[in-house]
Amino acid sequence: MKPAGFFCKVDKLGRIVIPKPLRTKYSLDTDDTIEIFTEPDAIVLKKYAMSCTFCGSGENLSTFKGKPVCEDCIKKLRDII
Ligand SMILES: [Zn+2]
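Taking this note's numbering, the leading residue of the sequence shown gets 269, the next gets one more, and so forth.
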């Protein structure tokens, strides 16, 4: 992990502002979802991209019982039945 060269303060509600150059660089728009990861000494923010529950693919997704599933996994599940 390398420093991004920006500093921001946490407000009294625990919020931070991600600097505009970083939002632009990582294509973050209003209402995008951020996924939060933790490491022993760090909090890592990543733009959330929905992916298949089974294989991690982000293409041709449908939702089954609230979980994303890709077309390939749906076909493989049909073959099992
Ligand atoms: Zn899949």
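Using N, Cα and C, we set each Cβ at its ideal position, and we do this for glycine too. Note that the structure is a prediction, hence the values are computed from the model and not measured.
- For Lys314, there is no enclosing alpha helix (DSSP H); the residue is part of the beta strand (DSSP E) that begins and ends at 310-315.
- Annotation for Glu307: no residue places its beta carbon closer than 6 Å to its own, counting only its chain and skipping 5 residues before and after.
- Under a 10 Å Cβ-count criterion, Cys323 is classified as exposed, with fewer than 16 other Cβ atoms of the shown protein chains found around its own Cβ.
- Residue state for Thr306 is assigned as strand, using DSSP reduced to three classes.
- In this structure, ligand 1 has no non-hydrogen atom nearer than 7 Å to the beta-carbon of Phe332.
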